[in-house]
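Here's the structure we're looking at; comments come further down.
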Amino acid sequence: MTRRGTLGVAVVGAGRMGADHVRRIDRVISGARVAAVADVDGERAKAVADGVAGCTAYTDPAAAIAAPGVDAVLVASPGPAHEAALTEALARGLPVLCEKPLTPDAASALRVVRAEERLGRRLVQVGFMRRYDAEYLRLKALLDGGGLGRALMLHQRHRNASSPPWFTGEMLLADSVVHEMDATRWLLGQEITAVTVMRPRPSGNAPEGLDDPQFVVFETDGGALADVEIYVNCRFGYQVQAEAVCENGTARIGDAHGMLVSTGGRWGGSIAPGFEERFEDAYDRQVRAWVDAALCGEVTGPGCWDGYAAAAVCEAGLRSRAEGRRVEVELVERPALYD
101 MTRRGTLGVA VVGAGRMGAD HVRRIDRVIS GARVAAVADV DGERAKAVAD
151 GVAGCTAYTD PAAAIAAPGV DAVLVASPGP AHEAALTEAL ARGLPVLCEK
201 PLTPDAASAL RVVRAEERLG RRLVQVGFMR RYDAEYLRLK ALLDGGGLGR
251 ALMLHQRHRN ASSPPWFTGE MLLADSVVHE MDATRWLLGQ EITAVTVMRP
301 RPSGNAPEGL DDPQFVVFET DGGALADVEI YVNCRFGYQV QAEAVCENGT
351 ARIGDAHGML VSTGGRWGGS IAPGFEERFE DAYDRQVRAW VDAALCGEVT
401 GPGCWDGYAA AAVCEAGLRS RAEGRRVEVE LVERPALYD
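Numbering (the working numbering), first residue to last: 101 to 439.
In structure tokens:
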């Protein structure tokens with residue numbers, strides 16, 4: 101399909117992620133420009149828009165999406181506001197890159213799936229950026245190649261140096277482990293069918309009342325098991341690792357084998373302090389791929405079904421955490437649009 105010139109993007113949400121995406125579109129990638137920025141905080145929207153030539157600030161997302169020169173929408177507002185922005189963009193036939201979650205719960209995510217299904221074509225890409233990380237891409241290619249045989253287990257670790265004061269035990273699943281929910285489905289090419297969440301005695305490093313760490317087990321429809329250690333107050337840095345155990349071997353990513361220094365009788369390297377540093381390249385690749393596809397009238401990458409499936413797995417995980425038992429994942433039949 102013929103590639104168009106420059107993609108005019110409306111960025112909905114001017115907080116940490118939205119502002120970073122504005123910077124990325126304006127200064128890092130090519131083929132797009134930020135035409136509008138929307139945020140309920142008008143001053144924040146103006147501060148971000150003022151740094152971009154020809155960009156207009158709005159407090160109403162619908163007005164930004166309808167603004168002159170807007171060809172596509174990047175949604176980076178809080179999760180509860182996503183459905184309204186997605187509905188507006190779909191009604192206008194605009195391609196969307198939506199930061200995770202697609203929506204905060206399975207019911208609203210399914211409404212977005214149905215809305216896109218009625219259009220008969222994909223317009224939404226969901227921001228599961230790990231699918232664009234170089235290490236994850238290599239692991240995915242290795243597993244798909246079949247050289248190690250069938251994947252039997254997937255061990256995953258997700259660690260943060262510290263959590264913000266407002267972080268809750270539920271958010272460990274909904275905001276953090278949601279990435280492993282998508283990575284498990286994508287790497288294995290299987291749906292998650294059941295979730296079990298276990299909680300050991302909290303770390304002394306965790307804020308009072310926060311049950312950190314937690315241990316999560318996924319069962320899949322392909323007969324594999326995947327586990328996730330989520331520990332958001334490990335103190336030493338940001339670390340994301342995955343190891344696939346297959347019939348004929350194993351493969352592991354996330355060891356951060358960068359420069360290794362030996363001096364003064366010691367050896368070592370560095371650990372990324374946060375997710376932005378660890379996945380900066382993945383975010384760049386993700387937005388670049390979205391822009392390139394949109395300029396060709398296409399949508400690639402994780403879509404509405406992936407966002408809905410992650411929401412359904414998350415709901416099962418939250419029930420398991422609350423009830424202390426294994427909970428099966430409830431999914432509707434996958435629409436043909438997402439085959």
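Quick reminder that beta carbons are idealized off the backbone N, C-alpha and C, glycines included.
Where residue i falls: helix, strand or coil (DSSP)
i: Met-101; result: Low per-residue confidence applies at Met-101: pLDDT is 43, beneath 50, and the placement is therefore not dependable, though the value from the model is reported in the following sentence. Coil.
i: Asp-327; result: strand
i: Trp-405; result: helix
i: Thr-268; result: coil
i: Glu-343; result: strand
i: Gly-108; result: strand
i: Val-427; result: strand
i: Gly-131; result: coil
i: Leu-252; result: strand
i: Glu-217; result: helix
i: Tyr-338; result: coil
i: Val-137; result: strand
i: Gly-142; result: helix
i: Gly-364; result: coil
i: Val-297; result: strand
i: Gly-349; result: strand
i: Thr-156; result: strand
Distance between residue j and residue i (C-alpha atoms, nearest Å)
i: Ala-410; j: Arg-366; result: 43 Å
i: Val-413; j: Thr-296; result: 11 Å
i: Arg-419; j: Thr-320; result: 18 Å
i: Ala-234; j: Ala-261; result: 23 Å
i: Phe-228; j: Arg-301; result: 30 Å
i: Val-137; j: Ser-208; result: 24 Å
i: Gly-115; j: Ser-177; result: 7 Å
i: Val-391; j: Gly-354; result: 27 Å
i: Gly-417; j: Val-427; result: 7 Å
Rounded distance between the beta-carbons of residue j and residue i, thought under 8 Å
i: Arg-259; j: Tyr-331; result: 5 Å
i: Leu-288; j: Gly-322; result: 6 Å
Bridge partners - residue i, DSSP secondary structure assignment
i: His-182; result: Answer is none; His-182 lacks a bridge partner.
i: Leu-197; result: Leu-174, Gln-225
i: Gln-314; result: Ile-330
i: Ala-499; result: Nothing can be reported for residue 499, as the shown portion of the chain is limited to 101 through 439.
query: Counting Cβ pairs closer than 8 Å, one from the region 146–153 and one from the region 161–180, do we hit at least three?
result: Touching, no, given that fewer than three Cβ pairs across the two stretches are closer than 8 Å.
task: Examine the Cβ distances between the region 397–408 and the region 264–277 and report whether three or more of them are shorter than 8 Å.
output: Between the region 397–408 and the region 264–277 there are fewer than three C-beta pairs closer than 8 Å, too few to call the two in contact.
message: Taking 8 Å as the cut-off, does the region 375–389 touch the region 116–136 (at least 3 CB pairs, one atom from each stretch)?
response: Yes, they touch.
- prompt: Does the count of Cβ pairs from the region 242–252 and the region 215–222 closer than 8 Å reach three?
  reply: By the Cβ rule, the region 242–252 does not count as touching the region 215–222, because fewer than three pairs are nearer than 8 Å.
- prompt: Are the region 203–217 and the region 235–243 touching by the rule of at least three beta carbon pairs closer than 8 Å?
  reply: They do not touch, by the three-pair rule.
field: Any 3 or more C-beta pairs closer than 8 Å across the region 263–274 and the region 366–383
entry: With contact defined as three or more Cβ pairs closer than 8 Å, the region 263–274 and the region 366–383 are not in contact.
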